[in-house]
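Note that the sequence shown covers residues 1 to 86 in my numbering.
Take a look at the structure set out below.
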Amino acid sequence: MNQEPNKVIYSMIRVSKYYDKKPVLKDISISFFYGAKIGVLGLNGSGKSSLLRIFAGVDNEYNGQTILSPGHTVGFLEQEPQLDNA
C-alpha cells in the first residue's frame with residue numbers, strides 16, 4: 001500500500017443521489033488524500049448517511065463516479081447496526 005501523503009486514494013466525481021425524485025446529494029465532487037481525517041456535518045436529512053454509504057460502497061444506486069485507489073479499502077459501521085442474534 002502506497003503511503004504518500006499527497007496521493008489521492010478516493011474520489012467522488014459529480015455524485016448525485018435521489019429518493020423519490022427528491023435530490024439528497026447533488027453533483028458532489030470530493031477527493032481524499034492518504035491519511036486524511038474527515039468529518040461530515042449537516043442537518044438531519046441533509047444526506048450525510050447517504051454520502052457515507054456511497055463512500056463505503058454500501059449504496060450503489062447513485063449517479064456519478066467513485067474511484068477507490070487499488071490496495072485501499074473503506075470501513076463502514078451503520079448508524080444503527082443490525083447485530084446477529086446468535
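All C-beta atoms, glycine included, are put in the ideal place defined by N, C-alpha and C.
All figures in this text were calculated on a predicted structure; none of them were measured in a lab.
Within 10 angstroms of its Cβ, does Y62 collect 16 or more other Cβ (buried), or is it exposed? buried
I'd like to check one pair, K7 with S16: are the Cβ atoms closer than 7 Å? no
Endpoints, the beta strand (DSSP E) within which I67 is located: N63 to L68
How many Å lie between D20 and L52 at the Cα? 19 Å
Report back the beta-carbon spacing between V50 and Y10 to the nearest angstrom; my notes put them in contact at under 8 Å. Checking the displayed sequence, the identity of residue 50 turns out to be Ser instead of Val. Contact flag wrong, Cβ pair sits at about 16 Å.
Suppose you measure from the CA of K37 to the CA of G71; what does that come to, to the nearest Å? 19 Å
With DSSP run on the structure shown, which of helix, strand or coil describes L52? Looking at L52 - three-state DSSP - the assignment turns out to be helix.
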